[in-house]
Amino acid sequence: MDKPSISIIIPCPPGTKPKAVENIKKLNYPKDKYEIIVEEGYNPSAQRNRGIKKAKGDIIGFTDDDCSMDLNWLSNTMKYFSDASVGVVGGPNLTPKDASFLSQCLGLAMSSYFGASSMSSRYEKKIVKGKVTEQNLIFNNMFVKSEIFKRGLLLNETLFPNEENEFINRVSKNNFKLIYAPDISVYHPRKDTLKGFAKQVFGYGTGRAHQINVQPDSFKILYIIPTIFVLGLISLPLSMILNLKLVSEIIFFGLMFYFIISLLTSLKIAIKEKKMALFPIMPFIFFIIHTSYGLGFMLSILNLDFIIRKRCSPPVSK
């Protein structure tokens, strides 16, 4: 059977030489069966749309400029498209094996259910039980049938991040099947500072709120839990000052429960990875994830996220 043709779109900042290009050229797939389209700019959603309009492949692939891939990335992916009902195939973006200790910690936190809930499948090879949704897929490792774009289902250029989440929801409503495939992996560098990581996760929170604004039916209770946590942190000292004893006790025990789960999860990760040095660090990283996301979501809902977002450079990768 003739192999499908593939167009791989890579958004990157102006003047960047994407490392992913050289990595893709090493893959085990016929060179005449794929093209690489690099789109420069500061709006990844718009850049991907430009690339989509230029693409000639039967399948459109997406990755980030700094990703590397398993050698069988393309060949493993194409087998899933033999099912005519499949519209989107994606897999995890893993922490590079040579990553720094901090980057490994960040990757482990995001790949844990406590850290990122069902979105954790984006950061580790997992078996997804039940229906695959936008929570399981991510644009730096995703392939889409060109037929979908020909139907006019392009990306919402007002969204980043969460542009793929909103897009995947629309694809799913058009009765295309979504596949999460743990055997197609990319390796994506994590942030190398806690400040950078906090800004990134803050952006995820604002992105989710913006997505809900344009796609209200995408709302889930799960998305507001970090904001409830942040409100608890703020409310505890206030309730104590105002001598609201019952309120203080409820919030206190709720927060204590959170920190106990955080410690137990951190211990489990340290034992699994056989690195006890992880144990004292992981709770702090979980705290950064949940407070940053919660603040981002809350400030975006209140239309105050510009206070922090305006200080950040334009985002170019996830």
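In this note's numbering, each residue carries its 1-based index in the sequence shown increased by 621.
Ideal Cβ positions, reconstructed from N, Cα and C, are used throughout, including at glycine.
Asked                                                                                                                                   : Found
Opening and closing residue of the alpha helix (DSSP H) in which tyrosine 701 lies                                                      : Premise fails: tyrosine 701 is in no alpha helix (DSSP H) and is neither H nor E.
Simplified DSSP assignment, three categories, for glycine 751                                                                           : coil
Straight-line Cα distance separating serine 739 from glutamine 836                                                                      : 20 angstroms
Bridge partners - leucine 588, DSSP secondary structure assignment                                                                      : One cannot answer for residue 588 here, as it falls past the ends of the chain, which runs 622 to 939.
Beta-carbon spacing of serine 806, proline 713 below 9 angstroms                                                                        : yes
Isoleucine 759 - DSSP class collapsed to helix/strand/coil                                                                              : coil
Within 9 angstroms, strictly: CB atoms of leucine 715 and glutamate 745                                                                 : yes
Cut-off 7 angstroms between Cβ atoms - residues of its own chain near leucine 648, not counting five sequence neighbours on either side : Met690, Leu692, Trp694, Leu695
Alpha-carbon spacing of cysteine 757 relative to serine 732, whole angstroms                                                            : The identity of residue 757 in the sequence shown is asparagine, whereas the question assumes cysteine. C-alpha separation (whole angstroms): 11 angstroms.
Proximal residues to leucine 825 (C-beta, below 7 angstroms), its chain only, five neighbours per side dropped                          : This sequence places tyrosine at residue 825; leucine is not what is there. Only Pro782, Tyr914, Gly917 meet the Cβ criterion.
Sequence-distant residues of its chain with Cβ nearer than 8 angstroms to leucine 774 (five each side left out)                         : Phe788, Arg791, Val792, Asn795
Short Cβ contact (9 angstroms threshold) for isoleucine 759 with methionine 699                                                         : no
Buried or exposed by the 16-neighbour rule on C-beta atoms within 10 Å, applied to leucine 601                                          : The structure shown does not extend to residue 601, since the chain is modelled only from 622 through 939, so no value can be given for it.
Proline 632 - containing beta strand (DSSP E), residue span                                                                             : 627 to 633
Reduced DSSP secondary structure (H/G/I, E/B, other) of tyrosine 648                                                                    : Checking the sequence, you will find leucine at residue 648 rather than tyrosine. In this structure, leucine 648 counts as coil in the three-state DSSP scheme.
Those residues which DSSP pairs with methionine 690 across a bridge                                                                     : Val807
Beta-carbon proximity of proline 634 to glutamate 656, cut-off 9 angstroms                                                              : no
Beta-carbon gap between phenylalanine 735 and phenylalanine 683 smaller than 9 angstroms                                                : no
Stretch pair the segment 802 to 822 + the segment 669 to 688: three plus CB contacts closer than 8 angstroms                            : yes
Beta strand (DSSP E) segments (min. 3 residues) lying fully within the segment 780 to 850                                               : 798 to 801
Lysine 893 to leucine 729 span [Cα, whole Å]                                                                                            : 11 angstroms
Three-state class that DSSP yields for phenylalanine 900 in the structure shown                                                         : coil
Extent of the continuous alpha helix (DSSP H) to which threonine 886 belongs                                                            : 866 to 894
Collapsed DSSP secondary structure at threonine 684 in the structure displayed                                                          : strand
Extent of the continuous beta strand (DSSP E) run through glutamate 768                                                                 : Per DSSP, glutamate 768 belongs to no beta strand (DSSP E); it is in the alpha helix (DSSP H), 767 to 771.
Serine 767 and alanine 667 closer than 9 angstroms at C-beta                                                                            : no
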